[in-house]
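Residue numbers (my numbering): 53 to 619.
Notes follow the structure.
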Amino acid sequence: MKYKRSRTKKMAYASVVSLIQTFEQIRDGHEILYNKEQIECLLLKVSFLQTFLEDFSQKNSKEVKELETQIRDAAYAAQNMIDSYISNQLLSMCECCVDRSYTIFCQELQRVIENFDSAKLQVMEFRNMGSKNLAPKDSFPAGSLRLASGGKNTMVGFVDEVLQIKDRLTGEPSYKLDVVSIVGMGGSGKTTLARNIYDDAFIVYHFYTRAWVTISQEYHVREILLALLMSMKKLTEKKCEESSEELALYLYKSLKGSRYLIVLDDMWDIKVWNEIKLLFPDDGNGSRIILTSRISDVALYASSNSPPYNMRFLNKNESWDLLKEKVFQDENCPTELEGVGIKIAQSCRGLPLAILLVGGLLAKVQRAQNHWRNVAENVQSIISTHNDQCLEILSLSYNHLPQHLKMCFLYMGVFPEDYQIPVSKLIQLWAAEGFLKPCADESLDDVGEKYLQDLIDRSIVLVSKRNLSGKIRTCSIHDLVRDLCVREAQKEKFVRTIKTDDDLSSEDAFGYYRLCLHSSILDDDASFRRDTIIAVREHSDGRLKEIYDAMRSSPLIRFSYIYWYIS
Numbered sequence: 053m054k055y056k057r058s059r060t061k062k063m064a065y066a067s068v069v070s071l072i073q074t075f076e077q078i079r080d081g082h083e084i085l086y087n088k089e090q091i092e093c094l095l096l097k098v099s100f101l102q103t104f105l106e107d108f109s110q111k112n113s114k115e116v117k118e119l120e121t122q123i124r125d126a127a128y129a130a131q132n133m134i135d136s137y138i139s140n141q142l143l144s145m146c147e148c149c150v151d152r153s154y155t156i157f158c159q160e161l162q163r164v165i166e167n168f169d170s171a172k173l174q175v176m177e178f179r180n181m182g183s184k185n186l187a188p189k190d191s192f193p194a195g196s197l198r199l200a201s202g203g204k205n206t207m208v209g210f211v212d213e214v215l216q217i218k219d220r221l222t223g224e225p226s227y228k229l230d231v232v233s234i235v236g237m238g239g240s241g242k243t244t245l246a247r248n249i250y251d252d253a254f255i256v257y258h259f260y261t262r263a264w265v266t267i268s269q270e271y272h273v274r275e276i277l278l279a280l281l282m283s284m285k286k287l288t289e290k291k292c293e294e295s296s297e298e299l300a301l302y303l304y305k306s307l308k309g310s311r312y313l314i315v316l317d318d319m320w321d322i323k324v325w326n327e328i329k330l331l332f333p334d335d336g337n338g339s340r341i342i343l344t345s346r347i348s349d350v351a352l353y354a355s356s357n358s359p360p361y362n363m364r365f366l367n368k369n370e371s372w373d374l375l376k377e378k379v380f381q382d383e384n385c386p387t388e389l390e391g392v393g394i395k396i397a398q399s400c401r402g403l404p405l406a407i408l409l410v411g412g413l414l415a416k417v418q419r420a421q422n423h424w425r426n427v428a429e430n431v432q433s434i435i436s437t438h439n440d441q442c443l444e445i446l447s448l449s450y451n452h453l454p455q456h457l458k459m460c461f462l463y464m465g466v467f468p469e470d471y472q473i474p475v476s477k478l479i480q481l482w483a484a485e486g487f488l489k490p491c492a493d494e495s496l497d498d499v500g501e502k503y504l505q506d507l508i509d510r511s512i513v514l515v516s517k518r519n520l521s522g523k524i525r526t527c528s529i530h531d532l533v534r535d536l537c538v539r540e541a542q543k544e545k546f547v548r549t550i551k552t553d554d555d556l557s558s559e560d561a562f563g564y565y566r567l568c569l570h571s572s573i574l575d576d577d578a579s580f581r582r583d584t585i586i587a588v589r590e591h592s593d594g595r596l597k598e599i600y601d602a603m604r605s606s607p608l609i610r611f612s613y614i615y616w617y618i619s
């Protein structure tokens, strides 16, 4: 149910952003006849609804969902009506047809205004009710979705990182309280690395008190207090009945004077750190805090005295070692499986989450070359069909994105697997859709680069290449992240990729507002009128010509404007 509500929310926001862009183009252009007062009135109303969607982006109540559905439907209906009018205006040859079309348009636009008035009124009533009924009923803790690994906290590699962090924890001359941050994408091994250090024999000996808590996206300070006290074995039934203030004081006194190590796992928000940092006394005795996060800003803010440790991807040998550990545990790998096993491990592109997923499947199949070769030839499809738990883990990062970044991220799914995405082309795509909102003297490029950096800082997008000045030239997303991106985009009818005969013949291929067409056949003079066509030229046998011919007479296609070659 949570994912269904989330899809409605994102589609509502995308439809409103697109509609605002259309209104602004009509207002600022000179080719289309329109009523200025009507357009300005609609802009104000739709902008109000956009603000509502932004303010309540993390709320999942039934009332919010119903409002989002109403806003989405009204926005799409308005978009279709306006696009049809623009098309008629541009194609009409006689003045009387233009006048008649304008009269009908004004009447229909008035009905659109009434629809948005109704939505705005309900939003205002909803706001006046207050937030007492807005607490999400289906939130879940970020730490509850760990990929199982045979009951053991399996870690390979990161030998240097472990030594460096242990030295920070125990060997530095400074005895002031220090925070060591670890940052990386979901599934990169942050928690496993922290747990390996936390359970190290010397660390256990060095710190008199240790405690571990996993922070939820929908966190409550009281739950954090209870979890820390439970980890310290200081929680009793009587203590559970005390107020948050009493628990905070008890925790502070329990840590006071003791050299302690606290692990704050999977922190999502700077606000959380600001609310709990005073719980930890600084007695100048070498106490330490380890903080893990997917978000660079959070990690940097908490450990302002030193840069965070960035989780890297596993190399070839480390990937194979982790796969062997998952499949064979204490047994040796048969020699005849090593070659194909290394190939399988490499296909996971160094992400521990993906390696453990594939390893779990390999552990269940017969240990024979033909079975393993079949897996090696279909690693990506296997991951795609067996990665529900992986997607749940990765989707936490996606669900935490603000609305404007969700749309930008979904657009990245139009690029093929392992593709180095040119940043300039990506920003052009975002700008063409109206996803970039400049402030003051900002250019669209500036805003696009800022949005991209935000996605990178959230450990969702990877930097591939930089130019000599340090600006990002190309970026990429991990195959698992791309799989999440494509699935979400298709579930939400945000964009559909067509690159095979099966895609072409699919019944729902034309139910999308955006289509991404991969093929070598495309008429350069193609002219479409509604929705978005993202045309991708690549070296493959395709049937884009048939798609084009089928869509040519459709009134539901809006743009054909992005072409690039994929070698």
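Think of the CB as a built atom: it goes at the ideal place given N, C-alpha and C, for glycine as much as any other residue.
Only counting the same chain, and skipping five residues up and downstream in sequence, which positions put a Cβ closer than 6 Å to that of residue i?
| i | result |
| --- | --- |
| Phe-157 | Tyr-137 |
| Ile-524 | Val-475, Val-515, Arg-518 |
| Thr-549 | Cys-568 |
| Leu-221 | Arg-340 |
| Val-164 | Ala-130 |
| Leu-161 | Gln-90 |
| Phe-192 | The predicted position of Phe-192 is uncertain, since its pLDDT is 32 and thus under 50; a value taken from the coordinates is nonetheless stated next. Excluding residues within five positions, none has a Cβ falling inside 6 Å. |
| Arg-604 | With a pLDDT of 48 at Arg-604, under the threshold of 50, the modelled position of that residue is not reliable, and the figure given next carries that caveat. Nothing listed; no residue qualifies. |
| Gly-236 | Lys-242, Met-363, Ser-511 |
| Ser-310 | Tyr-260, Thr-261 |
| Leu-313 | Phe-259, Arg-262, Arg-340 |
State buried or exposed for residue i, treating a residue as buried only when at least 16 other CB atoms are found within 10 Å of its CB.
| i | result |
| --- | --- |
| Leu-532 | buried |
| Asn-384 | exposed |
| Met-363 | buried |
| Arg-346 | buried |
| Glu-289 | exposed |
| Ser-579 | Reliability fails at Ser-579, whose pLDDT of 37 lies under 50, so the model's placement of it is uncertain and no value is given. |
| Gln-131 | buried |
| Ser-70 | buried |
| Leu-405 | buried |
| Val-68 | buried |
| Ile-585 | In this predicted model, Ile-585 has a pLDDT of only 47, less than 50, meaning its place in the structure is not dependable; the value taken from the coordinates is given anyway. Under this definition Ile-585 is a buried residue. |
| Glu-540 | buried |
| Ser-358 | exposed |
| Phe-254 | exposed |
| Gly-522 | exposed |
Excluding the 5 residues flanking residue i on each side, which residues of the same chain have their C-beta closer than 8 Å to its C-beta?
| i | result |
| --- | --- |
| Gly-203 | In this predicted model, Gly-203 has a pLDDT of only 39, less than 50, meaning its place in the structure is not dependable enough to derive any value. |
| Gly-238 | Arg-346, Leu-405, Ile-445, Leu-446, Leu-448, Ser-449, Ser-511 |
| Tyr-302 | Leu-281, Lys-286, Lys-291, Glu-294 |
| Lys-184 | For Lys-184, the predicted model reports a pLDDT of 42, less than 50, meaning its position is unreliable; a value from the coordinates is still stated below. Same-chain partners within the cutoff: there are none. |
If you follow the beta strand (DSSP E) that residue i is in, where does it begin and where does it stop?
| i | result |
| --- | --- |
| Leu-221 | Premise fails: Leu-221 lies in the alpha helix (DSSP H), 211 to 222, not in any beta strand (DSSP E). |
| Asp-230 | 230 to 235 |
| Arg-525 | 524 to 528 |
| Leu-514 | 514 to 518 |
| Val-265 | 261 to 266 |
Starting from residue i and walking both ways along the alpha helix (DSSP H), at which residues does that stretch end?
| i | result |
| --- | --- |
| Ile-407 | 404 to 414 |
| Cys-385 | Careful: Cys-385 lies outside any alpha helix (DSSP H) and carries neither H nor E. |
| Ser-283 | 273 to 283 |
| Ala-420 | Ala-420 -> no alpha helix (DSSP H), and no H or E assigned at all. |
| Val-533 | 531 to 543 |
| Tyr-250 | 242 to 250 |
| Val-256 | 253 to 258 |
Under 7 Å Cβ to Cβ from residue i, same chain only, skipping five residues before and after it: list those, please.
| i | result |
| --- | --- |
| Ile-217 | Val-232, Ile-249, Tyr-361 |
| Glu-106 | Gln-455 |
| Leu-304 | It is worth fixing the name first, because residue 304 is Tyr in this sequence and not Leu. Leu-331, Pro-333. |
| Ser-447 | Leu-536 |
| Met-621 | Residue 621 lies beyond the residue range present for the chain, which begins at 53 and ends at 619; the question has no answer from this structure. |
| Ile-134 | Thr-74 |
| Tyr-227 | Gly-336, Asn-337, Gly-338 |
| Phe-178 | Glu-115, Leu-119 |
Check whether the region 340 to 359 and the region 282 to 299 are in contact - that is, three or more C-beta pairs closer than 8 Å. A contact is defined here as three or more CB-CB pairs under 8 Å, and the region 340 to 359 fails this definition with respect to the region 282 to 299.
At which residue ranges does the region 288 to 351 contain complete beta strand (DSSP E) runs of 3 or more residues, listed in the order of the chain? Runs of the beta strand (DSSP E) spanning 3 or more residues and lying entirely within the region 288 to 351 occur at 312 to 319, 340 to 345, in chain order.
Return the chain-ordered ranges of every alpha helix (DSSP H) run that is complete within the region 438 to 508 and spans a minimum of 4 residues. Here the runs fully enclosed are 440 to 451, 455 to 463, 475 to 485.
Contact between the region 261 to 274 and the region 381 to 397: three or more CB pairs below 8 Å? Of all C-beta pairs linking the region 261 to 274 to the region 381 to 397, fewer than three are shorter than 8 Å, placing the two stretches out of contact.
Quick one: which unbroken beta strand (DSSP E) runs of 3-plus residues sit fully inside the region 68 to 122? Chain order, please. Uninterrupted beta strand (DSSP E) stretches at least 3 residues long and entirely within the region 68 to 122 do not occur.
Cβ contact check for the region 237 to 248 and the region 278 to 295: 3 or more pairs under 8 Å: With a cut-off of 8 Å, the region 278 to 295 and the region 237 to 248 do not count as touching, because too few Cβ pairs lie within range.
How do the region 71 to 81 and the region 90 to 98 stand: do at least 3 beta-carbon pairs fall below 8 Å, yes or no? Contact between the region 71 to 81 and the region 90 to 98 is present, because at least three Cβ pairs lie under 8 Å.
Spell out a yes or no on whether the region 279 to 289 and the region 371 to 383 are touching, meaning 3 or more CB-CB pairs, one atom from each, closer than 8 Å. Taking 8 Å as the limit for Cβ pairs, the verdict is that the region 371 to 383 does not touch the region 279 to 289.
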